[in-house]
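What follows is a short report on a single structure.
In our numbering, the protein residues as written are 31 to 529.
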């Protein structure tokens, strides 16, 4: 029996070795990242523009990129806690992580096609038969047999033209792109948490401003009432003071509504129920931070959406190889071996041993242009992904320039607005004094109060915009993520629990 097995396995091993040696063909084009034109410097970082902003800075040695927990730049412990919760509990991030795990499983599935498939189909059959005697009509013979079968079947389609290897490569690249998608979703969520947090703090500052203004307007109402009671002023002044007070009180209530909605939005982002979540009231006090941004070409390595787009170009390139390989014949090697006998104990006897080996060649002779069309489609998909990649890069530069210009102009606007606040407060003081002296009517106080409150609210809103623009700039710069995290991550061997 050993000699028989040797006669079978030796030719099979020879065929296997031969096929292994020739399975180095691949019809995928040699991949190279498509060139994309990047500017030498950001337009908003010219000497003139740079001198007008305090919200960002040029990169210094060993400080050319944001790293890790970028939100800690703001020095706010409450924000740090919210960001940690969002990174772990946001359901959109969890769903993106599941997409990555699914893509990684597809890599394992495609890799399995590189190896033979072996199956076993043991069976037992018991049969009973009756035979009529040829001489005596009424006489019969009966026979009952039991047959035990233990077969093993194996089949393997050698990857002669790189179909499977290019499929594995394409799936691995898709898994890398999905991982970059995950990081992009995470960055988007964390940036949204920070933006909503600063909006919440701005609403707290605005509510504080409105509450203090309501107190001041009550004093103005008492002044108007006292002047009316003494016959110095008319009841019209009292009505105007009451209107101004009630209007501002309603604005304070409306600010509370907006705060509740933003708080609920933050609860959703961190994966908590809005009914059980609250953030203590605290006016916006966080100062602008200096954001290190590096040079424009860094965006190609620091933005996960750009990395995902580039990986999908490489994936489409590998799919061209899969489409081209369909023009060549497929070879299938198959074999079967097993035992068959009338008893379990007799299955090991050599006369019961069965075997077979074979090979098959399949080639499509006519398909009415289907393979040509599939190849054309693969090339078109590649060109589409190249265009998407370049568009993503252009969008990245636009977003950075948008936020740099916003920060630059906000710095100037805030200086102008602070000056307007001071002048409007001086206007209100003068109008109040002139009203007390009976020189001007109460309408002047109303106008001064409206101007002062409007300018102060605008200043609060501009500071909120400055903080949000800083967050958006960090997001536009990639938030500290690097493309090297894709190549350093083992997409096949790590389990979901290990991440």
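Don't be surprised by glycine CBs; every beta carbon is placed ideally from N, CA and C. Everything numeric in this text was worked out from a predicted model, so none of it was measured.
Assumed close pair residue i, residue j - CB separation to whole angstroms, cut-off 8 Å
i, j, result
"residue 440", "residue 503", "At roughly 11 Å, the Cβ-Cβ gap does not stay under 8 Å, so residue 440 and residue 503 are not in contact."
"residue 368", "residue 208", "Not confirmed; about 43 Å, so no contact."
"residue 133", "residue 205", "4 Å"
"residue 211", "residue 126", "6 Å"
"residue 346", "residue 408", "7 Å"
"residue 389", "residue 363", "5 Å"
Proximity of residue i and residue j at Cβ, strictly below 8 Å
i, j, result
"residue 223", "residue 116", "yes"
"residue 506", "residue 398", "no"
"residue 433", "residue 343", "no"
"residue 186", "residue 146", "yes"
"residue 243", "residue 483", "yes"
"residue 451", "residue 418", "no"
"residue 196", "residue 136", "no"
"residue 300", "residue 309", "no"
"residue 487", "residue 239", "yes"
"residue 182", "residue 150", "yes"
"residue 172", "residue 157", "no"
"residue 119", "residue 198", "no"
"residue 365", "residue 128", "no"
"residue 102", "residue 438", "no"
"residue 68", "residue 339", "no"
"residue 247", "residue 285", "no"
"residue 321", "residue 500", "yes"
"residue 66", "residue 289", "no"
"residue 188", "residue 361", "yes"
Residue i - partner residues in DSSP beta bridges
i, result
"residue 156", "176"
"residue 403", "Residue 403 is not bridged to any residue."
"residue 362", "390"
"residue 150", "182"
"residue 368", "181 and 384"
Classification of residue i by the beta-carbon crowding that lies within 10 angstroms, buried from 16 upward
i, result
"residue 241", "exposed"
"residue 104", "buried"
"residue 234", "buried"
"residue 335", "buried"
"residue 386", "exposed"
"residue 203", "buried"
"residue 509", "buried"
"residue 72", "buried"
"residue 60", "exposed"
"residue 283", "exposed"
"residue 449", "exposed"
"residue 274", "buried"
"residue 473", "exposed"
"residue 351", "buried"
"residue 349", "buried"
"residue 112", "buried"
"residue 413", "exposed"
"residue 4", "No information on residue 4 is available, as it lies outside the stretch 31 to 529 that the chain covers here."
"residue 37", "Bear in mind that a pLDDT of 45 at residue 37, under 50, signals an unreliable position, so the number given afterwards is only what the model happens to contain. Classification for residue 37: exposed."
"residue 280", "exposed"
"residue 424", "exposed"
Same chain only: Cβ atoms within 8 Å of residue i, ignoring 5 sequence neighbours per side
i, result
"residue 268", "251, 254, 255 and 258"
"residue 314", "228, 231, 232, 234, 235, 490, 493, 494 and 497"
"residue 516", "206, 209, 210, 337 and 341"
"residue 401", "353, 356, 357 and 394"
"residue 123", "116, 117, 212, 215, 216 and 219"
"residue 121", "301"
Own chain, CB closer than 6 Å to residue i, minus 5 neighbours either side, in chain order
i, result
"residue 194", "143 and 144"
"residue 454", "481, 482 and 485"
"residue 514", "none"
"residue 317", "none"
"residue 429", "506"
"residue 478", "457, 458 and 461"
"residue 107", "none"
"residue 410", "none"
"residue 444", "492"
Close-in-space but distant-in-sequence residues of the same chain around residue i (CB under 7 Å, 5 per side omitted)
i, result
"residue 191", "55, 57, 355 and 358"
"residue 468", "262"
"residue 153", "179"
"residue 265", "258"
"residue 475", "250, 461, 462 and 465"
"residue 294", "304"
"residue 92", "Note that residue 92 scores 41 on pLDDT, short of 50, meaning its location in the model is unreliable; the coordinates nonetheless yield the value given after this. Answer for residue 92: no residue qualifies."
"residue 446", "none"
"residue 406", "none"
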